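Working notes for the structure below.
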Amino acid sequence: MLTPDRISLNTATVKMQWTLAECIEGCARHGLGGIAPWRDKLQEMGVEPAARAIRDAGLKVSGLCRGGWYTAEGALTPAVLEDNRRAVDEAAAIGAECLVMVVGGLPAGSKDIDGARAIVEEGLAATLEYARGVGVPVAIEPLHPAYAGDRACVNTTSQALDICDRLGDGIGVALDVYHIWWDPEIRRQIARAGKERLLAFHICDWLVPTQDILEDRGMMGDGVADIPALRAEVEAAGFTGLNEVEIFSAETWWKRDPDDVLKTIVARGESCC
Numbered sequence: 001m002l003t004p005d006r007i008s009l010n011t012a013t014v015k016m017q018w019t020l021a022e023c024i025e026g027c028a029r030h031g032l033g034g035i036a037p038w039r040d041k042l043q044e045m046g047v048e049p050a051a052r053a054i055r056d057a058g059l060k061v062s063g064l065c066r067g068g069w070y071t072a073e074g075a076l077t078p079a080v081l082e083d084n085r086r087a088v089d090e091a092a093a094i095g096a097e098c099l100v101m102v103v104g105g106l107p108a109g110s111k112d113i114d115g116a117r118a119i120v121e122e123g124l125a126a127t128l129e130y131a132r133g134v135g136v137p138v139a140i141e142p143l144h145p146a147y148a149g150d151r152a153c154v155n156t157t158s159q160a161l162d163i164c165d166r167l168g169d170g171i172g173v174a175l176d177v178y179h180i181w182w183d184p185e186i187r188r189q190i191a192r193a194g195k196e197r198l199l200a201f202h203i204c205d206w207l208v209p210t211q212d213i214l215e216d217r218g219m220m221g222d223g224v225a226d227i228p229a230l231r232a233e234v235e236a237a238g239f240t241g242l243n244e245v246e247i248f249s250a251e252t253w254w255k256r257d258p259d260d261v262l263k264t265i266v267a268r269g270e271s272c273c
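With the UniProt record's numbering applied, the sequence shown corresponds to residues 1 to 273, in that order.
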């Protein structure tokens, strides 16, 4: 059972209905413990006004989405690296517990996934060097293998932790149930990550059938992922952060009244998590 104060709202869950200011007010109104903004909403509101509003609402910031996308221009470029430095600064300004990294898939026209992964690791190393000085932990989010071509070529928790092993302190993982529930190695990898590298835990559900791999995630309890078991594993490994609800749902939850969405999140946290 998750009480509302143990839940954080990732703003993607109601991105079609609410501005960041409305998300902040909604989280406070429904008694949630935290919020995780996406950068477009943060920049739209303004970083400093958003930081003040979040503090005034008494919310924690479970993460900022997203940095990464290192392969977007086919190679590391000054523009890509600078955007990631800005993301680190934004995360610091709002007191985010981590900067979540969606690292990027194959460059346009490429079939070289090993080359893409090399670009990603080089980019993460550069961002991490800057982030250490600012005091912002960097969290690699391994995405389901279906996203390897276009969004993230780091697809398992094991892959992400191998990178963490090579890069050292200040980097860990953001584990999203949608992306990890299927992995037969996940329990061992959660234990391997341990408290220091379990930086974020995202919850939603995997629907059967899934109509769209990107925009048809389920509300907790509507799919086949064993969310309580995975939450028990991360907590047994030392994770004490908020449980961040992140649901992309073009045909369902993005069309609902956002207050009803948050009421449902609270109810499902109590019954399904």
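Yeah, the Cβ is synthetic: ideal placement off N, Cα and C, and Gly gets one too. None of these values were measured; they are calculated from a predicted model.
Taking Ile-7 as the reference, which of Asp-257, Thr-210, Thr-240 and Trp-254 has the closest Cα?
One-based indexing of the sequence shown puts residue 7 at position 7. Of Asp-257, Thr-210, Thr-240 and Trp-254, the residue nearest in Cα terms is Thr-240.
To the nearest angstrom, report how far apart Ala-36 and Asp-112 are at their CA atoms.
Numbered from 1 along the sequence shown, position 36 holds the residue referred to as residue 36. Numbered from 1 along the sequence shown, position 112 holds the residue referred to as residue 112. One C-alpha to the other measures close to 33 Å.
Run through the stretch 103-171 for me and flag every whole alpha helix (DSSP H) of 4 or more residues, listed as ranges in chain order.
Counting whole runs of 4 or more residues, the stretch 103-171 contains the alpha helix (DSSP H) stretches 113-134 and 157-167.
Let me check understanding here. Comparing Cα to Cα, which of Arg-197, Thr-210 and Asp-212 lies closest to Ala-237?
Reading the sequence shown from its first residue, position 237 is the one you call residue 237. For the residues Arg-197, Thr-210 and Asp-212, the minimum Cα distance to Ala-237 belongs to Arg-197.
Bridge partners of Ile-7, per DSSP?
Walking along the sequence shown from the start, residue 7 turns up at place 7. Paired residues: Asn-243.
Which residues mark the beginning and the end of the beta strand (DSSP E) in which Ala-36 is found?
Taking the sequence shown and counting its residues from 1, one reaches residue 36 at position 36. That run of the beta strand (DSSP E) goes 34-36.
Which first and last residues belong to the beta strand (DSSP E) in which Cys-272 is found?
Indexing the sequence shown from 1 puts residue 272 at position 272. Element bounds for Cys-272: not the beta strand (DSSP E) but the alpha helix (DSSP H), 258-272.
What's the gap between the Cα of Val-266 and the Cα of Thr-3?
As a position in the sequence shown, residue 266 is number 266, starting the count at 1. As a position in the sequence shown, residue 3 is number 3, starting the count at 1. Using only the alpha carbons, I get a separation of about 7 Å.
Beta-bridge partners of Asp-216, as assigned by DSSP:
Working through the sequence shown from its first residue, we reach residue 216 at position 216. Paired residues: Ser-249.
Please work out which residues of its chain come closer than 7 Å, Cβ to Cβ, to residue 278, disregarding the five sequence neighbours upstream and downstream, and give them in chain order.
The shown model of the chain, from 1 to 273, leaves out residue 278, and the question about it has no answer.
Ordered along the chain, which non-local residues of its own chain (more than five positions away) have a Cβ less than 6 Å from that of Gly-74?
Within the sequence shown, residue 74 is the residue found at index 74, counting from 1. Within its own chain, the residues whose Cβ lies closer than 6 Å to the Cβ of Gly-74, once the five positions on either side in sequence are excluded, are Pro-107, listed in chain order.
Per DSSP, what kind of secondary structure is Val-234 in: helix, strand or coil?
The count along the sequence shown starts at 1 and reaches residue 234 at position 234. Note: Val-234 maps to helix in three-state DSSP.
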